[in-house]
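Below: one structure, written as structure tokens.
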Amino acid sequence: MPDIILEMNHITKAFSGVKALDDVNLKVEKGTIHALCGENGAGKSTLMNVLSGVYPFGTYEGDIIYKGEKCEFHKIKDSEDKGIVIIHQELALSPYLSIAENVFMGNEQTDIKGVINWRKTRSAAKEILAEVGLEGENVDTPVNKLGVGKQQLIEIAKAMTKNVELLILDEPTAALNDEESAHLLEIMLNLKKKGVTCIMISHKLNEIEYVADEITIIRDGKTIETLNKKTDEFTEDRIIKGMVGRELTNRYPLREGPDYNIGEVILEVKDWNVFHPDDPTRQVIKNVNFNVRAGEVVGFAGLMGAGRTELAMSIFGREYGQHITGSIKMHGKPVKIHKVSDAIANKIAYTSEDRKTYGLVLIDDVKHNMTMAALKQSFSNHGIVNANEEILKAEEYKKKINVKANSVNQVVSSLSGGNQQKVVLAKWMLAQPDVLILDEPTRGIDVGAKYEIYEAINDLAKMGKAIIVISSEMPEIIGTCDRAYVINEGEICGELGKEDITQERIMEYIMAHGRKGGNE
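Oh and the sequence shown: position 4 is 4 in the numbering used here, straight run, nothing missing.
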């Protein structure tokens, strides 16, 4: 008989009359890793927010049974006192405080008089960091000096100081590279050996397949099924079928036929050099040359830190770097781009990998987020905005790329990650660019939403746009691109045609360039 640590029975939660959760049921066995899967907006994070007290008792219907006891959590502290700790996708660390201060935030190590004992804090922080693979880390280092991978492990260390028994991780590897992700998964498996139960929300199905003991699939706010590793088919294709309600035979829509013609060169970059914004002696981009043609999707492949984002941002209005040299041609004619407005005026668009910081105004609605880049050229006359035209175009693009929102007046922060990404894409589609640079366009979103974004990329290619895709997911580069440049340490170290783009060839170029650099 399995030892059930958690039951959530008949959970229903509505926002403005719209049901985000509709009679959802979940059972989690003690000492296991239980994955929650579903498309963006399916209700996974909402369910975990109900469990952790983010949405307090009384704002939802149904029961939470934890360790055999019916629980009513009115705030997060209530669930933490029971040993339930949630780590959200947006990390809750204070960037300017030290590692030790963050680890014990809200759980300070004090002496009898209530004064923080810093010696005890640092010593305990070192012990707990060793448990998550950060032994030797200076606990006085400010958190903002660390990479996202280490920050994620500090969140886990912080949870462990609260005597965690049930750890909820919402998209824990979304912003991590492959090496950091693998390390985090091993930490989860070690926690499982120590008796900690984990609930993991993730869109990375290969990771779920590797670590999870059971998977509960949620679709449109309803529980669809729970798969057990020991008794059920436990493959990516099987999980996808449960998530989208059908077989997804090809994860990358085909781009072929007479409508897809690769034409003349639209964008050409020559001898591009960029130095670090804080260190004028450190060269980040070194003598880069590339071009993109009309109707062509060109990939930029490379490891994290290779310089792909820095290259894109430096081209898009010199948003990154200093002492930038080189030339840009659009349609064969030299252009001068000194700021973002110059890039937009020359019909170059860039979607950032960090959509929430650089891509959206989170407190504004879908309509304004979609139209802001094209406001001056398409929706205003002598500074007066045509609000009706704005609404019509926003509705058109909401339908065109299937943004799941109640209306174009819905605040964009309330949308799921995949739908936020679609809003960013619609914003630049409305600006009618000739060149669209997409930086990690599908990071943190599900396979169904990914497919829709790939279809939008195909539609843009069909319209004759030149598209650059920067992605850390090599299968995405292989599945979407006509050609790919390989970047390593700020230099282009290889170029591959459609038939030659493979993970092996990409890594061969990177390794060969690394050896060359080491011999110099």
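Cβ atoms here follow ideal geometry from the backbone N, Cα and C, with glycine treated the same way.
Contact set for residue i: own chain, Cβ-Cβ below 7 Å, skip 5 residues either direction
i: E523; result: No answer is possible for residue 523: the residues shown for the chain start at 1 and end at 520.
i: E207; result: T173, S181, L185
i: Y260; result: G295, A461, K462
i: V424; result: T351, R355, G359, L360
i: H74; result: G53, P56, F57
i: E80; result: K162
Inter-residue spacing [alpha-carbon to alpha-carbon] between residue i and residue j
i: V103; j: I64; result: 28 Å
i: I457; j: R251; result: 14 Å
i: Q109; j: D213; result: 36 Å
i: Q151; j: P280; result: 28 Å
i: V50; j: R219; result: 17 Å
i: A35; j: S202; result: 7 Å
i: K450; j: T216; result: 21 Å
i: E209; j: A431; result: 40 Å
i: I453; j: K422; result: 7 Å
i: I477; j: F275; result: 27 Å
i: S327; j: E491; result: 16 Å
i: G479; j: R505; result: 15 Å
i: A595; j: S123; result: Since the first residue of the chain shown is 1 and the last is 520, residue 595 is not available in this structure.
i: Q410; j: G17; result: 14 Å
i: F379; j: G245; result: 39 Å
i: E455; j: A125; result: 48 Å
i: G149; j: L91; result: 11 Å
i: I187; j: G83; result: 18 Å
i: F57; j: A394; result: 37 Å
i: D522; j: M429; result: Residue 522 falls outside the range modelled here, since the chain spans only 1 to 520, and no answer is possible.
i: I315; j: D278; result: 18 Å
i: I239; j: L153; result: 27 Å
i: N381; j: L311; result: 35 Å
i: T226; j: V28; result: 10 Å
i: E137; j: Q420; result: 36 Å
Spatial neighbours of residue i in its chain, beta-carbon cut-off 8 Å, leaving aside the 5 residues before and after
i: V298; result: F290, V292, A466, I467, I468, V469, C481, D482, R483, A484, Y485
i: N519; result: Its pLDDT being 47, under 50, N519 is placed unreliably in this model, and the coordinates cannot settle the point.
i: R515; result: none
i: M474; result: A301, Q503, I506
i: R282; result: F275, H276
i: P253; result: Y451, Y454, E455, N458
i: K367; result: E390, I391, A394, V408, N409
Residue of the options minimising C-alpha distance to residue i
i: V24; options: I328, K347, M48, T32; result: M48
i: M304; options: V143, F15, E489; result: E489
i: M370; options: N381, H382, L392; result: L392
i: G106; options: A159, M507, L227; result: A159
i: G68; options: R355, M511, N9, L97; result: N9
i: V54; options: D78, A306, G31; result: D78
i: A343; options: V148, M313, S378; result: M313
i: A20; options: H74, G221, G62, D81; result: G221
i: L6; options: R255, D271, K30; result: K30
i: N144; options: I99, H368, K113, H382; result: I99
i: T325; options: K333, T161, E61, I285; result: I285
i: G133; options: L362, V366, N190; result: N190
i: E264; options: D3, E72, G464; result: G464
i: S471; options: R308, E440, A374; result: E440
i: I97; options: T141, K230, T442, W272; result: Contrary to the premise, residue 97 reads as Leu rather than Ile in this sequence. Comparing Cα positions, the closest option is T141.
i: A175; options: T161, I199, P334, G147; result: G147
i: P2; options: N228, G383, E495, A426; result: N228
i: T442; options: K70, F15, E39, E137; result: E39
i: K333; options: E268, I112, N138; result: E268
i: K398; options: T12, T309, A426, Y60; result: A426
i: M330; options: H323, K347, V340; result: K347
Residues near residue i in its chain [Cβ-Cβ closer than 6 Å; skip 5 each side]
i: H88; result: D170
i: C493; result: V486, Y509, H513
i: E155; result: I87, L91
i: I262; result: R293, G295, E296
Cutoff 9 Å: residue i Cβ touching any chain B Cβ
i: M313; result: Of the protein chains in this structure there is only one, and it is not chain B.
>> Below 8 Å, how does it come out for the segment 180-200 and the segment 115-124: are there three or more Cβ pairs, yes or no?
In response: no
> So, do the segment 192-200 and the segment 158-167 have three or more beta carbon pairs nearer to each other than 8 Å?
Replying inline: yes
> Does the segment 344-357 touch the segment 435-444, meaning 3 or more C-beta pairs lie closer than 8 Å?
Replying inline: yes
> At a cut of 8 Å, does the segment 441-448 reach the segment 376-394 through at least three beta carbon pairs?
Replying inline: no
> Can you find at least 3 beta carbon pairs, one from the segment 414-433 and one from the segment 394-405, that sit closer than 8 Å?
Replying inline: yes
>> Does the contact criterion of 3 or more C-beta pairs under 8 Å hold for the segment 317-333 versus the segment 499-509?
In response: no
>> Going residue by residue through the segment 212-255, where are the continuous beta strand (DSSP E) segments of at least 3 residues, counting only ones entirely within it?
In response: 214-219, 222-228
> Fully enclosed by the segment 378-412, which alpha helix (DSSP H) runs are 4 residues long or longer?
Replying inline: Those alpha helix (DSSP H) runs which fall completely within the segment 378-412 and span 4+ residues are 387-400.
> What are the uninterrupted segments assigned as beta strand (DSSP E) that are 3 or more residues long and contained completely in the segment 409-492, given in chain order?
Replying inline: 435-439, 466-470, 483-488
> Three or more beta-carbon pairs under 8 Å between the segment 36-44 and the segment 229-238, yes or no?
Replying inline: no
>> List, from N- to C-terminal side, the beta strand (DSSP E) runs of 3 residues or more that fit wholly inside the segment 158-215.
In response: 166-170, 197-201
>> As an exercise, report each continuous alpha helix (DSSP H) stretch of at least 4 residues that is fully enclosed by the segment 290-326, in chain order.
In response: 308-315
> Which ranges would you report for the beta strand (DSSP E) in the segment 328-378 if only whole runs of at least 3 residues count?
Replying inline: 333-335, 348-351
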